[in-house]
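In this text, residue positions in the sequence shown follow my numbering: the first is 1, and each later residue adds one. Backbone N, C-alpha and C fix where the C-beta goes; we use that ideal spot for every residue, glycine too. Structure, as structure tokens:
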Amino acid sequence: GQGILNFFPLPNYTDPDRNNINRWNYRSVYSGNTPRRNDILRIDANLTPTFTMYYRYGHDKDIKDLPWGDWKNGSINYLLSPVHVANPGSGHLVRTTKTFSSTFVNEAIFGYNRMERVFDLLDSQAALRSKMGNPAQWYSDSGSGGSSDYIPGVSFGGYPANPVNASLAAALPNSYENPNFTVTDNVSKIWGKHNFKAGLYYEHARINHVANINSRGAFDFSR
1 GQGILNFFPL
11 PNYTDPDRNN
21 INRWNYRSVY
31 SGNTPRRNDI
41 LRIDANLTPT
51 FTMYYRYGHD
61 KDIKDLPWGD
71 WKNGSINYLL
81 SPVHVANPGS
91 GHLVRTTKTF
101 SSTFVNEAIF
111 GYNRMERVFD
121 LLDSQAALRS
131 KMGNPAQWYS
141 DSGSGGSSDY
151 IPGVSFGGYP
161 ANPVNASLAA
171 ALPNSYENPN
181 FTVTDNVSKI
191 WGKHNFKAGL
201 YYEHARINHV
211 ANINSRGAFD
221 FSR
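What follows is the structure, encoded as structure tokens:
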């Protein structure tokens, strides 16, 4: 128990309003960057007078450092370490158009895209279990994707108001990926005064992600 209490920072703030002295005594301030970038490349080609195509590639980068207030941080109400979140994504598209005659046209589209989300503590050393005196852990599950070296969830409740809490997201580090493959083929045919269209659409999607299951345990000191 003493090791758990020593993990938390000491008070660093006294509110000048005496009515708030027992409401809070700690202040955290953090300013983080959110760099984003999007790149697109497109190549058009007229291979023959009746066969055209274009290729498009897209890649985007979206990074956040979240100190609190997001489910990826868990239930933590002071600055232990921001969670570094990377959301890269990329996609490929090939579109071809073949004109067989003035009344018969075929269009084929092939697409592949992949989105990822990876997040972990920016300072992984700040939440090591050893920093809390290595509290007991009944079940260790390193295969779930989360790190068993991180602290367990620790929460207080009841009285006084606004108690300190340090319950990280259940599965840290966490990864998620969503590859998606699509094929589309559309045929247009004119017969007399009528215009006929037919098409085929195929999509294969997969999601790989770490289950948000807490294997590190939790200590609850509520009333």
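Pairwise C-alpha distance: residue j and residue i
i    : j    : result
L227 : F221 : Residue 227 cannot be examined here, being either before or after the span of the chain that is shown, 1 to 223.
N22  : P82  : 27 Å
A198 : N186 : 6 Å
N44  : T34  : The sequence shown places Asp at residue 44, not Asn. D44 and T34: Cα-Cα distance of roughly 33 Å.
N46  : R36  : 34 Å
P160 : G74  : 21 Å
E203 : G58  : 19 Å
A126 : L93  : 43 Å
F104 : N195 : 10 Å
S215 : Y139 : 7 Å
N134 : G217 : 12 Å
N20  : D149 : 37 Å
S144 : N162 : Any reading at S144 needs caution, since the residue's pLDDT is 49, under 50, leaving its predicted position unreliable; the model's value is listed next. Each residue's Cα considered, the two are about 32 Å apart.
Simplified DSSP assignment, three categories, for residue i
i   : result
F7  : helix
R18 : helix
R56 : strand
For residue i, the first and last residue of its enclosing beta strand (DSSP E)
i    : result
W191 : N174 to W191
Y202 : H194 to A205
N46  : R36 to T48
T97  : G89 to S101
I109 : F104 to L121
Any chance the region 58-69 sits against the region 98-106, with 3 or more Cβ pairs inside 8 Å? no
Are three or more beta carbon pairs between the region 162-177 and the region 207-220 nearer than 8 Å? yes
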